[in-house]
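Asker: The numbering of the sequence shown is full-length UniProt numbering, which starts it at 1 and goes up by one.
Pasting in a structure now, in structure tokens, and then I'll have a few things to ask.
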Amino acid sequence: MHTKRVGRAGMLMRWLLLIALAVPVAVLSNQDPASAAGRKAVRILHYNVQGITDLFNGEEYNLTPYDRGLQIGDKILAGDYDVVTLNEVFDSGMKEGITEKLKRHYDYALTEMGDTSTLDGIFGNSGLAVYSKLKPLPRSDLGSIVAKQIPVLKPCPSPDGGCPDEYEMVDVTVPQLICGTYHILDSYGFDSSCSSGFLPYDDLYHDDSYSRKGVGWVRLEDPAGLPLNVFFSHTQATYSIPDADAETGRAGNFAQIADLIRWVLPGQSLTNEAIVLTGDLNVIAGSTEYDTLIGTNSELHQLGLEDTWAVHNSPKGKDPGFTRRLMNTHVLIDEEFKSDQRLDYILAKYPRGCFLHSTVKRDYKDTKGTDLSDHYGVDIAIGTSAAYCSPSTAKVDPPEGANAMNLSAAGNVQWMYFPDPGTYTFKAGAGTPPAAFELTAFAENEMSFPVEPWEGSPALTSREETVEYSPPGPFYLRIRPVKADGSHDKDWTGPYTMQIHQATGATWEDAIALHPTQPMNATMVKDDGIHPLQKEVYFKFRTELSDAQQKPWSTFKLKQKRLLGGQYADPASNSPPKSFGYAIRESKNGPTLYGSGASQVTLPAFEKTFGSTAQTLGTGEYRLIVSRTQPAVNEAAYFAITYETNLRILDIVELYCIEQEDLTGDDDPYLNLLLDNTASSTFYYPDTDSDQGHNDPSCISGTALKPHAIKILSSAEIKLMEEDDADDDDLLDSTTINAGPNDNGTLQQDKLQGDGADYRLKYTVNQLY
């Protein structure tokens, strides 16, 4: 069985009311789309805030909805967005908190949409809201467009009644259907003209049928004075897997979105005006349904809308851009939800625009470190189409040395893409007009949060400063001019020079950085008349003591290589084995801490290992010097080196209470940790209700640890304890986490149960990076 909401008999009166509405219109000024080349960047945020009322909310937060709304408002203000669209603002307290924060900065808002007064069994509005710094831009040319026809009861000519019911079909125009209608329940800044509207969905199933879900629309004036149409929605959710009803509902929702776009963008408007669609669209990226509703086979794609994340932000598909993840404090691994998902989207068509950068807001947490919603927000900056303005149009593999660049559009950024892992040093400078630059690296599989520099700072205050990056794989470099305070200089344009150097390992100073488990290719060059025969390659690596103050071991696996078609490749089976040696030093002229002379790689693998598990080191940066003896002939030597260590980073992601043990009040749980059978620490968590999770302990005693970066060598024994005022504290359950060679940061979830309590411990174990 299923619950479905469709048209009801009572809706006839609603249509009569719609037809009776007088819709004032404003004059639409003609805009030249060619002038879009001069637009400055527009920043847009979409966020599903899970502002569900207590009646339907199965998950607890540490804050009241109002207080959570205040903190969400603070996050929004920090992002300096021009337009913000929200989903699931059902709770009036949350709406009040968000609006209280934003109203002084956002002059225009629709804060409640979707009338429920005429529909039996509808308890919630649409949950949609939009806040804008950009002013509304009404249009006056929609009055002749018929959106649909509806049956209307004819009046009875007899004064005594008694007439049989007779209906006639009546045209409903677009303004009558969606513009300034009673579906806008709460707003400010917008008037009743046709610059905003709401279209309720016809087909909704399951719990969604108790709300007034639909699609909202606002027409705004962007910084260049051009129309920007923002559509925002929260489509039918999935309640089980599979869920045929939900897929049917979403198909109908998407068809109505396409209808609304056509209605409010008639004629050349559909070609000339910018269109953005945001929302938790409840379609899993990469699924067959995605191809049908969002991908290149979809109706939205035929209207010109692209998935900005997939097409422009992660064009090689390496960063999935998940917006609902198992690591979220309000999401549990269960039979229905076993993997991370991308459900939230910004689809767009922007004539002469460029999608500069998009990020997933996984850092939207409350003051106690708990996620502010079960979804993550997603944002985008949209600038002017120009050279290298997005990851999808980045300058690929720029050459060593000076690269002449030109930022031609104010408010833009520029991108470079480096397909080969390595250690890169960058600096940038401009002559006239002068500028300082920020150079930020993003791994191609993580476009939301930047790579930490190996040396230096991304913000370069002079043209002589440098920043060094060594991501473990291919990466993008974002270049943007900055002001003295480090903020983006959105007015600067002009020529500048990018200096690029990739370390070769030829000297101590030009060492190549190593990361655990990541093979790094290297070459000892032959004598070419310019460079002498090379017999050493310098690498640098870092290690740390564990939190138990034990030294980890560090070993290095060398694999002989050859150059084939300009690429490193495994040697042929009949290749002669080469000999290599190594030394480890902490300072250039200091003693050799570990090492051995050159010896042949072993066959048939063409490999050898430098050192053993007895090769331990304390906290610091070291050099690995790989050497070879004088070859019999003048030839290069090719190889790959892989750094291996037993040091692991344990992240206690979350302690989640499904059912508390103390029936008379809140649980007072804590975790006892024993690291590597040596160091002990206790993590105390706040009073915990059922269905409540905590990212961070309220306090820590014993060994001082970082809960999300615990350094272990072999194991961590964890006991879940419960405070007992009358007796000894209760041991509820325990688990032991063992480090292993395949640790890669995959999220794990262990059950911890006892004395009626039911908890889940989320954690990851990763390599040092």
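Even glycine gets a Cβ: it sits at the ideal position worked out from N, Cα and C.
Here the structure is a predicted model, which means the values were calculated and not measured.
Going by alpha carbons, who is nearest to residue 451 out of 430, 437 and 474?
Answerer: Here the closest residue by C-alpha is 474.
Asker: Determine which residues share a DSSP beta bridge with residue 564 and list them.
Answerer: DSSP output for residue 564 lists 567 as bridge partner(s).
Asker: Between which two residues does the beta strand (DSSP E) containing residue 591 stretch?
Answerer: No beta strand (DSSP E) holds residue 591; DSSP gives it neither H nor E.
Asker: Go ahead and pull the three-state DSSP assignment for residue 318.
Answerer: Residue 318 falls in the coil class under three-state DSSP.
Asker: Taking 7 Å as the limit between beta carbons, can you name the residues of its chain near residue 551, skipping five residues before and five after?
Answerer: Correct list, in chain order: 545, 616, 617 and 618.
Asker: Quick check on the burial criterion: 16 or more other C-beta atoms within 10 angstroms. Buried or exposed for residue 324?
Answerer: It counts as buried.
Asker: Note down the Cα distance separating residue 604 from residue 573, rounded to an integer number of angstroms.
Answerer: If I take the Cα positions, the gap works out to 7 Å.
Asker: Using the C-alpha atoms, what's the distance from residue 212 back to residue 161?
Answerer: Distance between the alpha carbons of residue 161 and residue 212 is about 35 Å.
Asker: Going by beta-carbon coordinates alone, are residue 758 and residue 659 separated by less than 8 Å?
Answerer: In this structure, residue 659 lies closer than 8 Å to residue 758 by Cβ.
Asker: What number of angstroms, rounded off, separates the C-alpha of residue 720 from the C-alpha of residue 678?
Answerer: Rounded to whole angstroms, residue 720 to residue 678 spans 18 Å at the Cα level.
Asker: Taking the continuous alpha helix (DSSP H) assigned at residue 254, which residues delimit it?
Answerer: First-last of the alpha helix (DSSP H) with residue 254: 244-264.
Asker: What are the residues that DSSP puts in a beta bridge with residue 131?
Answerer: 84 and 109.
Asker: Mind checking which residues open and close the beta strand (DSSP E) that includes residue 227?
Answerer: It spans 227-234 - the beta strand (DSSP E) in which residue 227 sits, taken as one unbroken run.
Asker: Below 8 Å, how does it come out for the segment 227-245 and the segment 279-286: are there three or more Cβ pairs, yes or no?
Answerer: The segment 227-245, when compared against the segment 279-286, does touch it at the 8 Å Cβ threshold.
Asker: Once DSSP output is grouped into helix, strand and coil, what is the label at residue 212?
Answerer: Of the three classes helix, strand and coil, the one that applies to residue 212 here is coil, per DSSP.
Asker: Mind checking who residue 217 pairs with in its DSSP beta bridge?
Answerer: Paired residues: 197 and 231.
Asker: Would you give the residue range spanned by the beta strand (DSSP E) that residue 168 belongs to?
Answerer: Taken as a continuous stretch (DSSP letters only), the beta strand (DSSP E) holding residue 168 covers 167-173.
Asker: Exposed or buried, what is residue 531 when buried is set at 16 or more other beta-carbons lying within 10 Å of its beta-carbon?
Answerer: Exposed is the call here.
Asker: Can you grab the Cα-Cα spacing for the pair residue 344 / residue 227, in whole Å?
Answerer: Computed Cα separation, rounded: 24 Å.
Asker: Could you give the first and the last residue of the continuous beta strand (DSSP E) run that contains residue 498?
Answerer: Taken as a continuous stretch (DSSP letters only), the beta strand (DSSP E) holding residue 498 covers 494-502.
Asker: For residue 214, count neighbouring Cβ atoms within 10 angstroms of its own Cβ and tell me buried if that reaches 16, exposed if not.
Answerer: Classification of residue 214: buried, given that the 10 Å Cβ count is 16 or more.
Asker: Would you mind sorting residue 623 into buried or exposed? The rule is 16 or more other CB atoms within 10 Å of its CB.
Answerer: Residue 623 comes out buried.
Asker: Does the distance from the C-beta atom of residue 147 to that of residue 263 stay below 8 Å?
Answerer: Closer than 8 Å, so yes.
Asker: If you run the structure through DSSP and keep just helix, strand and coil, what is residue 30?
Answerer: With a pLDDT of 39 at residue 30, under the threshold of 50, the modelled position of that residue is not reliable, and the figure given next carries that caveat. Coil.
Asker: Below 7 Å, is the gap between the Cβ of residue 140 and the nearest heavy atom of the ligand MG?
Answerer: Of ligands this structure carries none, so the ligand MG is not represented either.
Asker: According to the neighbour-count rule (16 or more other Cβ atoms, all chains shown, within 10 Å of its Cβ), is residue 835 buried or exposed?
Answerer: The structure shown does not extend to residue 835, since the chain is modelled only from 1 to 769, so the question has no answer here.
Asker: From residue 717 to residue 472, what distance separates their C-alpha atoms?
Answerer: Approximately 31 Å between the Cα atoms of the pair.
Asker: Comparing C-alpha positions only, which one of 561, 68, 81 and 75 sits nearest to residue 45?
Answerer: Among 561, 68, 81 and 75, the Cα nearest to that of residue 45 belongs to 81.
Asker: What is the C-beta distance between residue 393 and residue 767, in whole angstroms, given that I count them as a contact (C-beta under 8 Å)?
Answerer: Incorrect: roughly 33 Å between the Cβ atoms, too far for contact.
Asker: In its own chain, which residues sit with a C-beta less than 7 Å from the C-beta of residue 385, not counting the 5 before and 5 after it?
Answerer: Excluding residues within five positions, the ones whose Cβ falls inside 7 Å are 352, 353 and 354.
Asker: For residue 620, which residues of its own chain have a beta-carbon under 8 Å away from its beta-carbon, when the five flanking residues on both sides are left out?
Answerer: 542, 543 and 586.
Asker: Cα-Cα, which of 373, 52, 94 and 87 is closest to residue 67?
Answerer: Residue 67 has its Cα closest to that of 94, out of 373, 52, 94 and 87.
Asker: What residue does the alpha helix (DSSP H) around residue 94 start on, and which one ends it?
Answerer: Taken as a continuous stretch (DSSP letters only), the alpha helix (DSSP H) holding residue 94 covers 92-102.
Asker: Quick check: what's the CA-CA separation for residue 260 versus residue 298?
Answerer: For residue 260 and residue 298, the distance between alpha carbons rounds to 16 Å.
Asker: Do residue 526 and residue 403 have their C-beta atoms closer together than 8 Å?
Answerer: Not in contact: residue 526 and residue 403 (Cβ atoms no closer than 8 Å).
Asker: Run through the DSSP bridge pairs and tell me what residue 361 is partnered with.
Answerer: In DSSP, residue 361 forms a bridge with 377.
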